[in-house]
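K.L.:
In this note's numbering, the protein residues as written are 1 to 272.
1. Check whether the stretch 241-256 and the stretch 36-49 are in contact - that is, three or more C-beta pairs closer than 8 Å.
2. Compare the Cα-Cα distances from residue 267 to each of 111, 106, 225 and 260 and report the closest residue.
3. Tell me the DSSP secondary structure of residue 160 in three-state form.
4. Identify which residue in 113, 4, 135 and 71 has its Cα closest to the Cα of residue 40.
5. Less than 8 Å between the beta carbons of residue 10 and residue 123, yes or no?
6. Sort 135, 88 and 75 by Cα distance to residue 119 and report the nearest one.
7. Quick test of the definition: if touching needs 3 or more C-beta pairs under 8 Å, does the stretch 14-24 touch the stretch 178-189?
8. Provide the residue(s) that pair with residue 268 in DSSP beta bridges, ordered along the chain.
9. Pick out whichever of 102, 222, 227 and 155 has its Cα sitting closest to the Cα of residue 246.
10. Could you tell me the distance, in whole angstroms, from the CA atom of residue 164 to the CA atom of residue 249?
11. Strictly by DSSP, which residues pair up with residue 73?
12. Going by Cα to Cα distance, which pick from 131, 135, 13 and 99 is closest to residue 121?
13. What residues in its chain sit with their C-beta under 8 Å from that of residue 12, if we drop five residues either side in the sequence?
14. May I have the straight-line CA-CA distance separating residue 237 from residue 215, to the nearest angstrom?
15. Tell me the DSSP secondary structure of residue 60 in three-state form.
16. Between residue 101 and the ligand HEM, is the CB less than 7 Å from at least one heavy atom?
17. Pick from 31, 27 and 15: whose alpha carbon is nearest that of residue 80?
18. If you follow the beta strand (DSSP E) that residue 215 is part of, which residue opens it and which one closes it?
19. Who are the Cβ neighbours of residue 77 in its own chain at under 8 Å, not counting the five residues just before and after it?
20. If I follow the unbroken alpha helix (DSSP H) through residue 23, where does it start and stop?
21. Can you have a look at residue 159 and say buried or exposed, based on whether 16 or more other CB atoms are within 10 angstroms of its CB?
22. Just how far apart, CA to CA, sit residue 253 and residue 205?
23. Given a threshold of 16 other Cβ atoms within 10 Å of its Cβ, counted over all protein chains shown, does residue 255 qualify as buried or as exposed?
24. From the DSSP output, in three-state form, read off residue 192 for me.
25. Going by C-alpha distance, which of 43, 67, 33 and 42 is nearest residue 54?
26. Cα separation between residue 104 and residue 128?
27. If you follow the beta strand (DSSP E) that residue 108 is part of, which residue opens it and which one closes it?
28. Return the residue from the list 29, 265, 258 and 179 that minimises the CA-CA distance to residue 83.
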């Protein structure tokens with residue numbers, strides 16, 4: 001499989017940046033927070049829980065409040081700084097999802113909320129998830145739906161196609177939305193010894209005050225989108241800002257603000 005070395009470097013650099021970490025927490029995270037109730041409902045007698053790619057600790061916080069025993073992992077020191085401030089009593093470990101520092105069968109449940117798509121070697125990460133799960137354990141993950149379902153991604157990708165500068169592109173990377181397709185998810189999970197139980201939609205969205213806020217979410221709070229936007233010459237960047245804002249006003253206006261849908265998918269698998 002491809003090494004995706006340039007993509008790995010982009011993710012490493014992006015999530016290491018204090019401004020990107022802060023932008024994600026302030027701007028992007030309100031949409032991802034909306035998947036937390038579905039994740040909580042999916043945990044049945046979970047045993048010890050691993051919150052993988054825990055980010056700013058939003059899922060960790062919710063699961064600890066529910067009384068679960070949680071260990072939380074992220075490779076980004078910047079994001080872990082936010083997590084430790086948010087959850088002072090949490091157990092946080094700086095580690096790579098592709099090489100987890102835990103013995104086989106440590107956890108009854110592994111949760112990964114909007115994190116696996118940022119991992120370069122996803123089959124290796126899934127194999128590690130299967131390894132640290134106890135027999136009968138469950139893997140619960142969320143991911144963003146692709147442009148076939150998500151109007152936000154249709155707007156962003158379409159704006160990049162129509163107004164982005166020629167020659168500006170992301171490094172080769174795994175399909176960002178592949179786990180939202182149940183058949184693809186099933187195949188990837190089976191290769192890691194995990195059995196797909198269900199794949200179900202989750203309603204996430206942002207409430208925004210003005211149309212330009214959507215552009216800023218992608219510019220400041222998303223490493224891949226932020227990378228693409230930072231590479232644009234000024235004229236193209238202005239055109240992208242205008243196109244995304246116009247599309248947001250046209251599609252998402254709701255009263256005095258905007259309700260911007262960001263549909264997600266929750267995938268649940270088990271280790272036989």
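Every residue, glycine too, gets a C-beta built ideally from N, C-alpha and C.
As the structure is a prediction and not an experimental result, all values here were calculated from the model.
P.N.:
From the atom records:
1. Contact between the stretch 241-256 and the stretch 36-49 is absent, because fewer than three Cβ pairs lie under 8 Å.
2. 111
3. helix
4. 113
5. No.
6. 75
7. no
8. 140 and 198
9. 155
10. 20 Å
11. 52 and 93
12. 99
13. 75
14. 10 Å
15. helix
16. The ligand HEM is absent from the structure shown, which contains no ligands of any kind.
17. 15
18. That residue, residue 215, is in no beta strand (DSSP E); its alpha helix (DSSP H) goes 212-221.
19. 16 and 94
20. Its alpha helix (DSSP H) spans residues 18-23.
21. So residue 159 ends up on the buried side.
22. 13 Å
23. Exposed.
24. coil
25. Selection 43, 67, 33 and 42 evaluated against residue 54 yields 33 as nearest (Cα-Cα).
26. 9 Å
27. 107-113
28. Out of 29, 265, 258 and 179, the CA that lies nearest to the CA of residue 83 is found in 29.
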